[in-house]
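Numbering (UniProt numbering), first residue to last: 1 to 84.
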């Protein structure tokens, strides 16, 4: 919002910002409520479980598109299409 800004809190308190631009906090993590101090950016993300690990990326296009296991590839390589 462009300032100056006046905000009435839940308890009826009048907050005034004379700054040129003011940001109102909606996450309530700020230390300067009702004004945003970007505390929401410092949130720590919970650790992922081993099952949630994303697949590793590779620069090798052949490996990136191959989703078969070694056993599946070996089995498919030994099959014939009937033409000899």
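We treat Cβ as the ideally placed atom computed from N, Cα and C, and that holds for glycine.
Residues that residue i bridges to, as DSSP identifies them
i, result
"residue 16", "6"
"residue 21", "2"
Pairwise C-alpha distance: residue j and residue i
i, j, result
"residue 5", "residue 27", "19 Å"
"residue 73", "residue 39", "The pLDDT assigned to residue 73 is 48, lower than 50, so where the model puts this residue is not dependable; a value taken from the coordinates is nonetheless given after this. Going from the Cα of residue 73 to the Cα of residue 39 covers about 51 Å."
"residue 16", "residue 30", "16 Å"
"residue 41", "residue 14", "27 Å"
"residue 32", "residue 48", "31 Å"
Top-ranked residue by Cα proximity to residue i, from the options
i, options, result
"residue 36", "12, 48, 21, 47", "21"
"residue 9", "48, 25, 40", "25"
"residue 12", "42, 39, 34", "34"
"residue 1", "47, 23, 14, 46", "23"
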